[in-house]
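Undergrad:
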Amino acid sequence: MTSFKHALITGASSGIGQALALELARRGTRVVVAARRVDRLEILVERIREAGGLAEAWELDVSDPQAVFVAVAHWDRVLGGLDLVIANAGVGSVGPAHELRWEDVSRVLEVNFTGAIATLLAAKDVMLPRGRGTLVGVSSLAGLRSLPGSGAYSATKAGLQVFLETLELDLRPLGLKVVDIQPGFVRSEMTDRNDFHMPFMLEVEDCAVRCVDGMEAGKSLIHFPWQLSWPLRYVARVLPRPVWRLISSRFRP
Ligand SMILES: NC(=O)c1ccc[n+]([C@@H]2O[C@H](COP(=O)([O-])OP(=O)(O)OC[C@H]3O[C@@H](n4cnc5c(N)ncnc54)[C@H](OP(=O)(O)O)[C@@H]3O)[C@@H](O)[C@H]2O)c1
6 MTSFKHALIT GASSGIGQAL ALELARRGTR VVVAARRVDR LEILVERIRE
56 AGGLAEAWEL DVSDPQAVFV AVAHWDRVLG GLDLVIANAG VGSVGPAHEL
106 RWEDVSRVLE VNFTGAIATL LAAKDVMLPR GRGTLVGVSS LAGLRSLPGS
156 GAYSATKAGL QVFLETLELD LRPLGLKVVD IQPGFVRSEM TDRNDFHMPF
206 MLEVEDCAVR CVDGMEAGKS LIHFPWQLSW PLRYVARVLP RPVWRLISSR
256 FRP
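In structure tokens, the structure reads:
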């Protein structure tokens with residue numbers, strides 16, 4: 006059983022978001038699954054209901070902040086209070102800086118950064134008057150240090166990490182919990198597009214169990230797998246820039 010009664014998850018039409026919805030629903034949470042591909046959401050809702058869970062689908066493009074605020078306020082009202090909101094929607098981008106096009110970079114910023122922040126602020130607005138609730142952002146280990154070809158993606162995840170850490174400082178005294186999920190490589194539509202080696206790859210189901218266990222345990226930072234997270238967190242982050250440049254250039258996609 007879970008302590009979360011009502012959750013809204015963005016980017017739940019595939020990958021990690023879908024697996025989080027299934028895992029939360031399996032533990033008894035009523036989940037609102039949001040994304041742009043409604044056909045995929047409806048299949049997911051059907052699957053959850055057939056297994057005895059409760060779920061609703063909601064078409065949402067997180068790059069439209071107003072739509073995000075409307076969605077969160079709507080479902081908070083309809084369900085009588087959301088106690089968990091997960092800003093998971095994201096898009097990947099890999100390409101060296103000389104090939105970057107503004108259209109692609111701005112899309113990554115709008116979804117991964119602006120969209121996630123709109124989701125978190127919308128959740129804060131509905132939860133703050135009650136003085137309880139959990140706000141979750143799915144960032145990435147890729148936000149911990151630069152990697153060749155990952156400028157836009159890593160920047161959005163680094164920015165999201167700092168935003169989440171600050172949210173926690175500000176909102177924890179007011180009763181809200183804030184969680185930053187930093188996965189390594191997880192098999193999904195996003196990573197299926199990569200043609201480089203992705204060490205210690207996890208399956209989405211495994212990822213979802215780790216995330217929900219961590220949230221249930223009240224962790225504010227959930228990071229895995231340790232084989233990637235620990236070296237990045239405790240070694241790479243403190244290496245001087247010239248040393249990291251030498252090491253990271255070996256990971257060129
Ligand atoms: N897979 C990994 O290795 C990995 C590692 C670390 C962090 N992450 C993060 O985990 C999150 C989920 O990624 P994933 O691996 O599960 O990839 P995925 O299978 O491609 O899922 C991405 C989800 O985001 C949704 N999305 C994209 N643009 C959107 C928009 N404008 N509005 C609403 N939803 C949108 C997609 O749904 P629609 O297309 O239907 O809108 C989809 O449901 C992302 O934030 C990603 O950066 C992934």
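Just so we're aligned, residue 6 is where the sequence shown starts under this note's numbering, counting upward by one.
Just so you know, even glycine gets a beta-carbon here, dropped at the ideal spot from N, CA and C.
It should be emphasised that the depicted structure is a prediction, and the values quoted were computed from it without experimental measurement.
What do you reckon, are the CB atoms on Val67 and Gly120 nearer than 7 angstroms?
TA: Yes, Cβ-Cβ distance for Val67 and Gly120 is below 7 angstroms.
Undergrad: Can you give the Cα-Cα distance for Val185 and Lys129, rounded to whole angstroms?
TA: Per the sequence shown, residue 185 should be read as Asp rather than Val. Their backbone Cα atoms lie some 15 angstroms apart in a straight line.
Undergrad: Do Ala56 and Val209 come within 7 angstroms of each other at the CB atom, strictly closer than that value?
TA: Their beta carbons are not under 7 angstroms apart, which means Val209 does not touch Ala56 by this criterion.
Undergrad: DSSP on Pro70, reduced to helix/strand/coil?
TA: DSSP places Pro70 in helix when its eight states are reduced to three.
Undergrad: Examine the Cβ distances between the segment 175–182 and the segment 132–140 and report whether three or more of them are shorter than 8 angstroms.
TA: Yes, the segment 175–182 is in contact with the segment 132–140.
Undergrad: So for Glu208, helix, strand or coil by DSSP?
TA: Three-state DSSP puts Glu208 in coil, outside helix and strand.
Undergrad: Applying the criterion that 16 or more other CB atoms from any shown protein chain within 10 Å of the CB defines a buried residue, is Ser8 buried or exposed?
TA: With fewer than 16 other Cβ atoms within 10 Å, it is exposed.
Undergrad: For Gly142 and Leu169, which I take to be in contact (beta-carbon distance under 8 angstroms), what is that distance rounded to the nearest angstrom?
TA: Going by Cβ atoms, the distance from Gly142 to Leu169 rounds to 5 angstroms, so yes, they are a contact pair.
Undergrad: Within a Cβ cutoff of 8 angstroms, which residues of the same chain sit near Leu237, ignoring the five residues on either side of it in sequence?
TA: Correct list, in chain order: Leu146, Leu149, Arg150.
Undergrad: Which residues share a DSSP beta bridge with Ala92?
TA: The partner list for Ala92 (beta bridge, DSSP) reads Gly142.
Undergrad: Gln187 bridges to which residues according to DSSP?
TA: Its beta-bridge partners are His228.
Undergrad: Glu55 lies in the alpha helix (DSSP H); which residues open and close that run?
TA: Unbroken alpha helix (DSSP H) run through Glu55: 43–55.
Undergrad: Since I believe Thr15 is in contact with Asn117 (beta carbons under 8 angstroms), could you give me their beta-carbon distance rounded to a whole number of angstroms?
TA: No, Asn117 and Thr15 are not in contact; Cβ-Cβ is about 11 angstroms, not under 8 angstroms.
Undergrad: By Cβ distance below 8 angstroms, which residues in the same chain neighbour Lys224 in space, the five residues on each side in sequence not counted?
TA: Answer for Lys224: Val184, listed in chain order.
Undergrad: Span of the beta strand (DSSP E) holding Val240?
TA: Segment: none, Val240 is in no beta strand (DSSP E) and carries neither H nor E.
Undergrad: Once you ignore the five residues that flank His228 on each side, which residues in its own chain have a CB closer than 6 angstroms to its CB?
TA: If we look at His228 and ignore the five residues flanking it on each side, its Cβ neighbours are Gln187, Ser234.
Undergrad: Could you tell me the distance, in whole angstroms, from the CA atom of Gln262 to the CA atom of Pro204?
TA: Missing from the structure shown is residue 262; the chain here goes from 6 to 258 and no further.
Undergrad: Per DSSP, Glu64 forms a beta bridge with which residues?
TA: Glu64 is bridged to Ala40.
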